[in-house]
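Scroll down for the structure; my scribbles are underneath it.
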Amino acid sequence: MSDLTIPAARPVNPRFSSGPCAKFPGYSLDMLADAPLGRSHRAAAGRAKLKEAIELTREVLRVPADYRIGIVPASDTGAVEMAMWSLLGARPVEMLAWESFGEGWVTDAVKQLKLDATVRKAPYGEIVDFAEVDFDKDVVFTWNGTTSGVRVPNGDAISADRAGLTICDATSAAFAMHLPWDRLDVVTFSWQKVLGGEAAHGMLILSPRAVERLESYTPAWPLPKIFRLTKGGKLIEGIFAGETINTPSMLCVEDYLAALKWAKGLGGLRALIARADANAEAVRDFIADKDWIADLAVDPATASTTSVCLKFTDPRIGDGAAFAKAVAKRLEAEGVALDAGAYRDAPPGLRIWCGSTVETSDVQALMPWIEWAYRSEIAALQAAA
Ligand SMILES: Cc1ncc(COP(=O)(O)O)c(C=O)c1O
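Numbering-wise (the working numbering), the sequence shown opens with residue 2 and increments by one.
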C-alpha cells in the first residue's frame with residue numbers, strides 16, 4: 002500500500018488503553034443496578050457481594066482452595082506494596098525488573114525499605130534470565146511488563162521447592178495468561194486491567210507459605226493500618242472473606258462482579274486466555290511481513306499477549322518519539338484507537354491492549370489504520386523536508 006486512502010472499516014470499539022482497559026462486549030451501566038448503594042459494606046448485602054467477588058475470582062482464575070484471596074485498597078500498587086512491606090526483610094531479596102512498574106518495586110525495596118537486594122534488570126523488550134535467580138531468596142517480579150510488552154513465558158524456571166517467597170505483580174496478566182500457582186506465593190492485580198473493571202481496588206492472593214511468613218515474622222519497620230494483614234501475630238482472616246480493611250466502592254464491586262460473570266459465561270479462564278491470544282496474534286500477523294514496524298519484544302517466547310508494544314523501524318524517521326506520538330494522535334483523531342501511544346517511560350511506539358475484553362475483529366480492523374497513519378506521517382515528513 003503506498004496510497005493514503007482511508008481504510009474502509011473502523012473498529013467498533015476503539016478503546017485500546019492498557020488501563021483502565023475496555024469494558025467487556027455488551028457492558029452497560031444497567032448491569033450495576035443491583036449494587037447496594039448507600040448501604041454499609043459490612044451489612045449482609047454488602048458482605049455477600051464482597052464474598053461473591055472473592056469466590057468468583059477463585060473460580061474463574063482457578064486459584065487453589067488453600068490460597069487466600071483478599072480485596073485491598075489502592076489498586077494493584079496497594080496490593081504489591083502491602084505484600085512487600087508485610088513480607089520482605091525476613092530473608093535476602095532479589096528484585097527483577099524489565100520495565101517501569103518493576104523498576105518502581107525496585108525503588109521501594111532499595112530506597113524505601115532499604116533492603117540489601119540483588120537487583121536484576123533487563124532492557125525494554127527483554128526479561129531477565131530466570132535461570133540465574135536464586136529462589137531461596139524472596140523474589141519480586143512482574144509477570145507481564147505492561148509498558149514493555151514482554152512476559153514471563155511460564156513458571157518452569159521458578160523452583161517448586163524454593164525456600165523464598167515469590168511475589169508477583171500479575172496485574173496485566175491475571176485472567177489473560179496462565180499463572181502457575183504452585184510457583185507463586187503472592188499474586189496481585191487490579192480489576193481495571195484484563196477484565197476491564199474499575200481501578201482503586203487491588204486483589205491480593207496469598208499461598209499458605211506466604212501466610213506462614215506473615216504469622217511468623219514481624220517487619221522492622223512500621224506498618225500503616227492500610228497495610229496490616231495480621232493482628233496479634235495471626236492473619237486477619239476476615240480480610241479474605243470480604244471484610245475489607247476500609248470502605249470499598251460497592252459500585253466498583255458490582256462492576257467487577259459483572260465482569261466476572263461475563264468471564265464465567267464465556268467459558269472461564271481458557272476462553273479469556275484464548276481471546277487475548279487471538280488478539281495478540283492479529284497484531285503479530287499484521288506486522289510479520291512489514292519492514293517499518295516491529296515488536297518491541299525481542300523473543301517471541303516472551304512476547305506479551307495483553308500489552309503488545311510496537312516500534313517504528315523505518316530509517317527515514319528521525320525523531321522517533323515525535324513520530325510515534327503523531328501516529329497515535331492521528332489514530333485518536335480518527336476515532337479508531339484511543340490511548341494507543343507507548344507508555345511515557347517506554348521506548349517510543351504504539352501499545353495496543355489485546356486483553357480479553359477486546360474483540361479480535363476490532364484489533365483486525367485497527368491494523369490497516371496503523372499503516373495508514375504511518376504512511377500519512379511519512380508523507381508529512383517528506384513534504385516538510
Ligand atoms: C505491571 C503494573 N504494575 C502496577 C501497575 C499499577 O496499577 P494500579 O494503577 O492499578 O495500581 C500497573 C498499571 O498499569 C502495571 O501495569
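Heads up, the beta-carbon is just placed ideally off N, CA and C, and yes, glycines get one too.
May I ask whether a heavy atom of ligand 1 can be found less than 7 Å away from the beta carbon of residue 173? Translated into the one-based positions of the sequence shown, residue 173 becomes position 172. Yes, Cβ of residue 173 sits closer than 7 Å to a heavy atom of ligand 1.
For the putative contact between residue 128 and residue 303, defined by C-beta atoms under 8 Å, what is the C-beta separation to the nearest angstrom? As a first step, residue 128 must be located in the sequence shown, where it is residue number 127. As a first step, residue 303 must be located in the sequence shown, where it is residue number 302. Confirmed, about 5 Å.
Let me make sure I understand the geometry here. Which of 4, 27, 11 has the alpha-carbon closest to that of residue 267? Numbered from its first residue, the sequence shown carries residue 267 at position 266. Considering only alpha carbons, the answer is 27.
In the DSSP assignment, find the unbroken beta strand (DSSP E) run with residue 96 in it and report its ends. By one-based count along the sequence shown, residue 96 stands at place 95. 94 to 98 is the extent of the beta strand (DSSP E) around residue 96.
Could you give the distance in angstroms between the alpha-carbon of residue 315 and the alpha-carbon of residue 376? Translated into positions along the sequence shown, residue 315 becomes position 314. Translated into positions along the sequence shown, residue 376 becomes position 375. Straight-line Cα distance between these residues: approximately 11 Å.
How far does the beta strand (DSSP E) with residue 74 in it extend, from its first residue to its last? As a working mapping, residue 74 is identified with position 73 in the sequence shown. Unbroken beta strand (DSSP E) run through residue 74: 69 to 74.
Is it a yes or a no for the region 52 to 72 touching the region 198 to 213, going by three-plus beta-carbon pairs under 8 Å? yes
For residue 54 and residue 290, I'd like the C-alpha separation in whole angstroms. As a first step, residue 54 is located in the sequence shown; it is residue number 53 there, counting from the start. As a first step, residue 290 is located in the sequence shown; it is residue number 289 there, counting from the start. Whole-angstrom Cα-Cα distance: 44 Å.
Taking residue 125 as the reference, which of 263, 350, 366 has the closest Cα? As a position in the sequence shown, residue 125 is number 124, starting the count at 1. Residue 350 is the option with its Cα nearest to residue 125.
Can you tell which of 75, 89, 355, 180 has the C-alpha that lies nearest to the C-alpha of residue 1? This structure leaves residue 1 out entirely; the chain is present only between 2 and 386.
Measuring straight from C-alpha to C-alpha, what distance separates residue 10 and residue 366? The residue you call residue 10 lines up with position 9 of the sequence shown. The residue you call residue 366 lines up with position 365 of the sequence shown. Distance between the alpha carbons of residue 10 and residue 366 is about 6 Å.
Can the beta-carbon of residue 306 be found closer than 8 Å to that of residue 178? As a first step, residue 306 is located in the sequence shown; it is residue number 305 there, counting from the start. As a first step, residue 178 is located in the sequence shown; it is residue number 177 there, counting from the start. Yes, they are a contact pair.
Candidates 133, 192, 85, 51: closest to residue 166 by CA position: Numbered from its first residue, the sequence shown carries residue 166 at position 165. Cα-wise, what sits closest to residue 166 is 85.
Cβ pair residue 321, residue 313 closer than 8 Å: Stepping through the sequence shown from its first residue, residue 321 is reached at position 320. Stepping through the sequence shown from its first residue, residue 313 is reached at position 312. Cβ atoms of residue 321 and residue 313: closer than 8 Å.
Going along the chain, which residues of its own chain have a beta-carbon closer than 6 Å to the beta-carbon of residue 120, five neighbours each way excluded? For the purposes of this step, residue 120 is identified with residue 119 of the sequence shown, where counting begins at 1. These residues qualify, in order along the chain: 96, 107.
May I ask you to verify whether the region 369 to 385 touches the region 44 to 60, counting CB pairs closer than 8 Å and requiring at least 3? no
Opposite residue 311 in the DSSP bridges: which residues? Numbered from 1 along the sequence shown, position 310 holds the residue referred to as residue 311. Looking at the DSSP assignment, residue 311 forms a beta bridge with 296, 351.
Whole-angstrom C-beta distance between residue 168 and residue 187, which should lie under 8 Å: Start at 1 with the first residue of the sequence shown, and residue 187 comes out as number 186. Start at 1 with the first residue of the sequence shown, and residue 168 comes out as number 167. Rounded, the Cβ-Cβ distance is 4 Å, consistent with contact.
Helix, strand or coil for residue 385, going by three-state DSSP, please let me know. As a working note, residue 385 is residue 384 in the sequence shown. Residue 385: helix per DSSP, three-state reduction.
Residue range of the unbroken alpha helix (DSSP H) whose run includes residue 50: For the purposes of this step, residue 50 is identified with residue 49 of the sequence shown, where counting begins at 1. Per DSSP, residue 50 belongs to the alpha helix (DSSP H) from 45 to 62.
Is it buried or exposed for residue 156, if we count other Cβ within 10 angstroms and need 16 for buried? In the sequence shown, residue 156 corresponds to position 155, counting from 1. Classification for residue 156: buried.
Taking 7 Å as the cut-off, is the CB of residue 123 close to at least one heavy atom of ligand 2? Of the ligands one can find in the structure shown, namely ligand 1, none is ligand 2.
Closest residue to residue 250 among 32, 38, 31 (Cα-Cα distance): Taking the first residue of the sequence shown as 1, we reach residue 250 at position 249. The shortest C-alpha separation from residue 250 is found at 38.
Local conformation of residue 145 per DSSP, three classes: Position 144 of the sequence shown, counted from the start, is the residue given in the question as residue 145. Residue 145: strand per DSSP, three-state reduction.
From this set, 14, 185, 340, which residue's C-alpha is nearest residue 162's C-alpha? Looking up residue 162 in the sequence shown gives position 161. Answer by Cα proximity: 185.
Please name the residue or residues paired with residue 364 in a DSSP beta bridge. Here the question's residue 364 lines up with position 363 in the sequence shown. DSSP output for residue 364 lists no bridge partner at all.
So what does DSSP say about residue 231, is it helix, strand or coil? As a first step, residue 231 is located in the sequence shown; it is residue number 230 there, counting from the start. Note: residue 231 maps to strand in three-state DSSP.
Would residue 226 be called buried (16 or more neighbouring beta carbons within 10 Å of its own) or exposed? For the purposes of this step, residue 226 is taken as residue 225 along the sequence shown, with counting starting at 1. With fewer than 16 Cβ atoms within 10 Å of its Cβ, residue 226 is classed as exposed.
DSSP state of residue 340, grouped into three classes? To locate residue 340, count along the sequence shown from 1; it is residue 339. Note: residue 340 maps to coil in three-state DSSP.
Give the single residue among 331, 357, 274, 257 whose Cα lies nearest to the Cα of residue 36. Against the sequence shown, residue 36 aligns to sequence position 35. That would be 257, whose Cα lies nearest to the Cα of residue 36.
In angstroms with no decimal places, state the Cα-to-Cα distance between residue 368 and residue 248. One-based indexing of the sequence shown puts residue 368 at position 367. One-based indexing of the sequence shown puts residue 248 at position 247. Straight-line Cα distance between these residues: approximately 43 Å.
Have a look at 352, 333, 331 and flag the residue whose alpha-carbon is nearest the alpha-carbon of residue 298. The residue labelled residue 298 in the question sits at position 297 within the sequence shown. Residue 352 is the option with its Cα nearest to residue 298.
Smallest Cα separation from residue 348: which of 112, 56, 148, 105? Along the sequence shown, one-based indexing puts residue 348 at 347. Closest option to residue 348, Cα to Cα, is 148.
Given a threshold of 16 other Cβ atoms within 10 Å of its Cβ, counted over all protein chains shown, does residue 74 qualify as buried or as exposed? Reading the sequence shown from its first residue, position 73 is the one you call residue 74. Residue 74 comes out buried.
Checking the sheet assignment: what are the DSSP bridge partners for residue 78? The sequence position of residue 78 within the sequence shown is 77, counting from 1. None; residue 78 has no bridge partner.
Could you compute how far the alpha carbon of residue 150 sits from the alpha carbon of residue 174? What you label residue 150 is simply residue 149 of the sequence shown in a count that begins at 1. What you label residue 174 is simply residue 173 of the sequence shown in a count that begins at 1. Straight-line Cα distance between these residues: approximately 11 Å.
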